[in-house]
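Worksheet for the structure shown next.
Residue numbers (our numbering): -8 to 242.
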């Protein structure tokens, strides 16, 4: 089945969302609502179409329903995340479902629950699109044990080797590193990294911390870089003073 082009606006660039939902009527209604919010929306109806269309360089974000025919949304999410850091917001039917955790573990940056409210969804999309290159301490390097962040370049290294972090993971680690060992509360991190209030829902943050630890910790079960402070939040361990970036050639 070919994808449905819901809106096209030749006058000036607008963020372009790939909407993946097997319900054509829901897709059309949501596309019109997001058009009113300032987005161009391309709609596809299967996981196979989503994987094909997501490679279009014009796509800025994927809005992904988890219940799809053929290739399901979880598999689509994992494959998109393996291919790069295209922002992904997953759509689920129940906020208390294990699907939320599974989807976030698969690589989604955020989630929304049905029924969707266009204004809230648009706010989440805008917040995610603003997360281009986190730089709470731009122009400096941040060193955490054998992990080094270069916020102005969007580069993370572990033991001198590049580590691929999504934009969300990079910003999360950069916010913690910039605190220089001080505790950052969960609410503060949700506000700074995701950009809006979550009213006590910390699953989003905790799953991202687990994903981040798998990439930057020698032993994720015994972390030394990203530490949990029970009842308070998170902080970094083994910090070193921020440094100016090297001036020599970059490899």
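All C-beta atoms in this analysis are idealised placements derived from N, C-alpha and C, irrespective of residue type, glycine included.
What is the rounded straight-line gap between the Cα of residue i and the Cα of residue j?
i, j, result
"residue 45", "residue 100", "16 Å"
"residue 225", "residue 183", "13 Å"
"residue 134", "residue 75", "25 Å"
"residue 4", "residue 31", "9 Å"
"residue 148", "residue 155", "9 Å"
"residue 51", "residue 220", "35 Å"
"residue 14", "residue 172", "48 Å"
"residue 159", "residue 122", "7 Å"
"residue 168", "residue 227", "6 Å"
"residue 163", "residue 157", "10 Å"
"residue 24", "residue 113", "9 Å"
"residue 48", "residue 28", "22 Å"
"residue 166", "residue 93", "25 Å"
"residue 102", "residue 153", "28 Å"
"residue 150", "residue 201", "20 Å"
Please list the terminal residues of the continuous alpha helix (DSSP H) segment that includes residue i.
i, result
"residue 246", "The structure shown does not extend to residue 246, since the chain spans only -8 to 242, so no value can be given for it."
"residue 93", "89 to 97"
"residue 17", "15 to 27"
"residue 38", "38 to 44"
Could you give the DSSP three-state label for residue i: helix, strand or coil?
i, result
"residue 219", "strand"
"residue 208", "coil"
"residue 178", "helix"
"residue 64", "helix"
"residue 139", "strand"
"residue 100", "coil"
"residue 144", "coil"
"residue 84", "coil"
"residue 150", "coil"
"residue 132", "strand"
"residue 197", "helix"
"residue 57", "coil"
"residue 203", "helix"
"residue 77", "coil"
Measure how close the beta-carbons of residue i and residue j come, nearest whole angstrom, since I'm counting them as under 8 Å.
i, j, result
"residue 10", "residue 34", "5 Å"
"residue 110", "residue 67", "Not a contact, Cβ separation roughly 26 Å."
"residue 244", "residue 95", "No answer is possible for residue 244: it lies beyond the span of the chain, which begins at -8 and ends at 242."
"residue 115", "residue 80", "6 Å"
"residue 41", "residue 65", "The pair is not a contact, with the Cβ atoms about 12 Å apart (cut-off 8 Å)."
"residue 36", "residue 12", "7 Å"
Counting only the same chain and skipping the five closest in sequence on each side, list residues whose C-beta sits under 7 Å from that of residue i.
i, result
"residue 86", "104"
"residue -4", "With a pLDDT of 45 at residue -4, under the threshold of 50, the predicted position of this residue should be treated as unreliable, though the coordinate-derived value follows. Hits under 7 Å: 33."
"residue 129", "Note on residue 129: pLDDT 49, under 50, position unreliable in the model; the coordinate value appears next. If we look at residue 129 and ignore the five residues flanking it on each side, its Cβ neighbours are 142 and 143."
"residue 193", "177"
In terms of residue numbering, what span does the beta strand (DSSP E) encompassing residue i cover?
i, result
"residue 168", "Careful: residue 168 lies outside any beta strand (DSSP E), inside the alpha helix (DSSP H) at 158 to 169."
"residue 7", "7 to 11"
"residue 251", "There is no way to answer for residue 251, as the model of the chain reaches only from -8 to 242."
"residue 35", "31 to 35"
For residue i, I'd like the list of residues in its chain whose CB is within less than 6 Å of its CB, leaving aside the five on either flank, ordered along the chain.
i, result
"residue 231", "The predicted position of residue 231 is uncertain, since its pLDDT is 46 and thus under 50; a value taken from the coordinates is nonetheless stated next. Contacts found: 134."
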